[in-house]
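Engineer: Sharing a structure here in structure tokens format.
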Ligand SMILES: [Zn+2]
Ligand SMILES: [Zn+2]
């Protein structure tokens, strides 16, 4: 029984992944600072064991033999995902992976140091080294997967996503935003002219904010018997599906920054907590990919948390925990603030896609060789001026040096953020079609209809379908920009 | 280079041990309750990987070949401890270990359930099954190690400890305590007749107790950059030497229960934090054994924490953190309270050894076959009446059912507790001989001389010497009861 061998292998890999996930969450939340070096060694050794076990040559034989075994449909799907994982993990020679890892880690370290010094010239050689290796990587992945090089990189993060499908959708969105960003800013200016922003009172004890966050997490569906909320410097969602660790950080001057972050990570957590448990030790049982994951986090952050209906229910909770009264008219301008800026991670939902499209366009050229790293600051600045009217030419730290993705060799990842936002809007439109009263339910703090739809259509599917297939099955349509555009118009338009 | 292979193996095992240690601490402190089942599976799988890697047949060849390699003295010592670990891990057939594990886990579960119901008859068959297997285990270990059966069991916990050496020391202590327990109780009654016990005021906020605990931990030498203090139901010291996790639990009515527990676990932590780092991936770099470990925890709890000099320095700290003034005359009766009782873990330092000696005597007879499990309640009761004047005949829950050790098949472990207490007293006497002013130093909150002595003589030695050798080298004498008896006389006598 070769499938049985794969099944057994899955249980071993799951145990190592469990350890790595909990060690990762622990490192960011509870590890003593002096424990880092030994932790890094232990994690590297365990990751090496995982890689060796997941890429053993006999697995290819098991997969081949399992093809001709009598498998049920779940097992067939599981076999397909075992193959995908194996191909993605074995298509690069070990020697190359080592070189890439060394170059990547060195470039990330340099980046941390030189970004603070705004030193593009010092950083460029290391980035050039990484990009040269990424081009090699893309070629090897393309060869193994029979895909275009950039598609082969994206395939790691979102199986089935292809640049040829995404580019027209991003183009439509970009054309729309060209006119819409100024419109949204005008609308906002007019509104703030009439009623200035209510300031945050500025003294929100951490423990109260934590209780408010936990109350909202539980209400929107986070199972507190299978997960927890801690503090870390960079918020994340980690751990394992039966014990999801989300984190936030608190500013006592601003309860919204932590709260919106908690809602976002709760969205990631809901996906993990509701994955199919019977498949947990198979690649099939994992979340589909980064874009779908981001669609689930952004759904909770935006379709719930920035939805006016949400605050009908949410504001009494805020008052109960923080002792401060807010009206909807006062809170919405805070959660709907639009402000073009240089930094992607600080962007609002209107301008955020432009940051991503800029990177999507540039990184295809970088991987394809049409753009040289040395020309990146000019290319970045040109797009930044065209898309957002801002220049970064004298400020590479807030231009092409602002994100860790490229020094970290993660090309093909950026599209996931905006694909996630579009998918969330498309999912919301589809479920609202079936359940027109969801806003009223949310206004009562009843999230069950929405979560039921998401459980059936997304969470319970694990990795059964490719990213585009999953979306099309859930919403009845291929990915398109229309629903996200409608969403922005309705929330931010004239 | 066969030693190099052992060295490499050590690094792999260290990574798995690191994961298991952190997962273990995490489980008791931060894991979501619903995460337990998957955690148990992951831990079992990782422990299985560790066992398979640590017992691989080729290791025997490497150890054999390493014998004839040019090794320095550290490497020679490391090889000896590799061999000890390998022999202890391979001397039982895998099939037997599985049977023992099943029997042990079932008996532990039954114990949890039936102890609460005081149901000895229901529990007995499971315990009989475990003891039958322990007799087999002892025979197999004895054969592999060329030791007496009970000594072969003790060898797992304290290499070098032999019942023939320990029994006369325990006998001397038992004879002494027969007269001394009544004397200490009389002294105490007379004192309390003159000055009744100052009651605890009973409202000590957890956060204040935590700060007090952290302040004392740091002062007695706990390195807070390489460890932390959390809350768990059962206090423990876990984690890894570079990141030691100690825990406590708080009663808001009584600050001393948590504080004395924190001091005890800090003693364990100091040993771990100060083990030789260069040997961390070798068995040689580990703490010597349970008795030595307990000598280090009890040293901090008793030679520091129940030492009157300690409170000269400690009471202002209590007042600072808890806002409550205590005089030495008021606090000492609390930390020196003597009260014979049925339960070992609740016992004071005067009566505690009698609980251990009772178990040491009975478990030798159980392993040797002179005593049948069915006769245990009578045998226990007889000794309990003889040693402490208390009967458990109608109360097996607080008699032979009170500890998890026997259902858990951990025979040969109990002596470590009292050996630790005696070793701590013997170490204290030896260092005081060299440094007569240590009490004055402690009264000033200066623990450096004491810790320096312990670092040199105990902590930095790792597993270089057997348990009795380590003590003899540190104190110049074999284990004997004299120093512990002197310690009790001085602290509790007339
Ligand atoms: Zn996210
Ligand atoms: Zn202890």
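Chains as they are written, first to last, in full-length UniProt numbering: chain A, 1 to 494; chain B, 1 to 494. Don't be surprised by glycine CBs; every beta carbon is placed ideally from N, CA and C. For clarity, every value in this text was computed on a predicted model and none was experimentally measured.
#1: Does the Cβ of residue 234 (chain A) lie closer than 7 Å to at least one heavy atom of ligand 1?
#2: Quick one: which chain A residues come within Cβ less than 9 Å of residue 242 (chain B)?
#3: Tell me, please, which residues DSSP counts as bridged to residue 292 (chain A).
#4: Where residue 186 (chain B) and residue 315 (chain B) are concerned, what is the direct C-alpha to C-alpha distance, given to the nearest angstrom?
#5: Applying the criterion that 16 or more other CB atoms from any shown protein chain within 10 Å of the CB defines a buried residue, is residue 58 (chain A) buried or exposed?
#6: Could you check whether the Cβ of residue 460 (chain B) sits closer than 8 Å to any Cβ belonging to chain A?
#7: Quick check on this structure: which residue in A:411, A:454 and A:419 has the alpha carbon closest to the alpha carbon of residue 428 (chain A)?
#8: Below 6 Å CB to CB, which residues in the same chain sit around residue 269 (chain A) once its five sequence neighbours on both sides are set aside?
#9: From residue 406 (chain B) to residue 159 (chain B), what does the alpha carbon distance come to, in whole angstroms?
#10: Give me the pocket residues for ligand 2, defined as CB within less than 6 Å of any heavy atom, sorted by chain position.
#11: For residue 319 (chain A), which of A:267, A:208, A:417 and A:340 has the nearest alpha-carbon?
#12: How about residue 21 (chain B) and residue 45 (chain A): do their beta carbons lie closer than 8 Å?
#13: What residues from the region 218-244 of chain A come within 9 Å of chain B, judged by C-beta to C-beta, listed N to C?
#14: With H, G and I counted as helix, E and B as strand and the rest as coil, what does DSSP make of residue 24 (chain A)?
#15: Let me check one thing: in DSSP terms, what residues is residue 246 (chain A) bridge-paired to?
#16: Can you find the residues in the same chain that come closer than 8 Å, C-beta to C-beta, to residue 421 (chain A), ignoring five residues on each side of it along the sequence?
#17: Can you name the residues of chain A whose CB is closer than 7 Å to the CB of residue 26 (chain B)?
#18: If you measure between the beta carbons of residue 403 (chain B) and residue 344 (chain B), is that distance less than 8 Å?
#19: Can you tell me whether residue 26 (chain B) is buried or exposed, with buried defined as 16 or more other CB within 10 angstroms of its CB?
#20: Less than 8 Å between CB atoms is the rule here; does residue 46 (chain B) satisfy it with respect to chain A?
#21: Would residue 408 (chain A) pass as a contact of residue 108 (chain A) if the rule is Cβ separation under 8 Å?
#22: When the cut-off is 8 Å and only beta carbons count, does residue 11 (chain B) lie next to chain A?
#23: If contacts are defined as beta-carbon pairs under 8 Å, then residue 138 (chain B) and residue 152 (chain B) qualify, I think. What distance do you get, rounded to the angstrom?
#24: Beta-carbon within less than 7 Å of residue 284 (chain A)'s beta-carbon, same chain only, minus the 5 sequence neighbours each way: which residues are those?
#25: Take residue 119 (chain A) as the anchor and find which of A:69, A:398, A:142 and A:1 has the nearest alpha-carbon.
#26: Quick check: what's the CA-CA separation for residue 361 (chain B) versus residue 88 (chain B)?
#27: For residue 18 (chain A), return the contacting residues in chain B, with the cut-off set at a CB-CB distance below 7 Å.
#28: Using a Cβ-Cβ distance under 8 Å, would residue 15 (chain B) count as near chain A?
#29: Pick out the complete beta strand (DSSP E) segments inside the region 261-348 of chain B, 3 residues or longer, and give them in chain order.
#30: Would you mind working out which of A:444, A:141, A:43 and A:131 sits nearest residue 86 (chain A), comparing C-alpha positions?
#31: Is it true that the CB of residue 200 (chain B) sits closer than 8 Å to the CB of residue 253 (chain B)?
#32: Alpha carbon to alpha carbon, what distance is there between residue 258 (chain B) and residue 415 (chain B)?
#33: Mind pulling the alpha helix (DSSP H) runs of 4 or more residues that sit fully within the region 7-62 of chain A?
#34: Taking the alpha helix (DSSP H) that residue 91 (chain A) belongs to, which residues open and close that run?
Structural biologist: Reading it off the structure:
#1: Ligand 1 has no heavy atom closer than 7 Å to the beta-carbon of residue 234 (chain A).
#2: 32, 34, 35, 36, 37, 38 and 39
#3: For residue 292 (chain A), which the question treats as bridged, DSSP gives no partner whatsoever.
#4: 27 Å
#5: exposed
#6: no
#7: A:454
#8: 222, 227, 237, 244 and 246
#9: 20 Å
#10: B:264, B:268, B:294 and B:297
#11: A:208
#12: no
#13: Taking 9 Å as the Cβ-Cβ cut-off against chain B, the residues of the region 218-244 of chain A that qualify are 223, 224, 225, 226, 227, 228, 230, 239, 240, 241, 242, 243 and 244.
#14: Note: residue 24 (chain A) maps to helix in three-state DSSP.
#15: A:229 and A:237
#16: Only 294, 295, 298, 302, 349, 352, 353 and 484 meet the Cβ criterion.
#17: 22 and 26
#18: yes
#19: By the neighbour-count rule (16 or more Cβ atoms within 10 Å), residue 26 (chain B) is buried.
#20: yes
#21: yes
#22: yes
#23: 6 Å
#24: 77, 78, 81, 462, 463 and 464
#25: Considering only alpha carbons, the answer is A:398.
#26: 24 Å
#27: 38 and 42
#28: At least one chain A Cβ lies under 8 Å of residue 15 (chain B).
#29: Here no run is fully enclosed.
#30: Proximity to residue 86 (chain A) across A:444, A:141, A:43 and A:131 peaks at A:141, based on C-alpha coordinates.
#31: yes
#32: 25 Å
#33: 36-54
#34: For residue 91 (chain A), no alpha helix (DSSP H) encloses it, and the DSSP letter there is neither H nor E.
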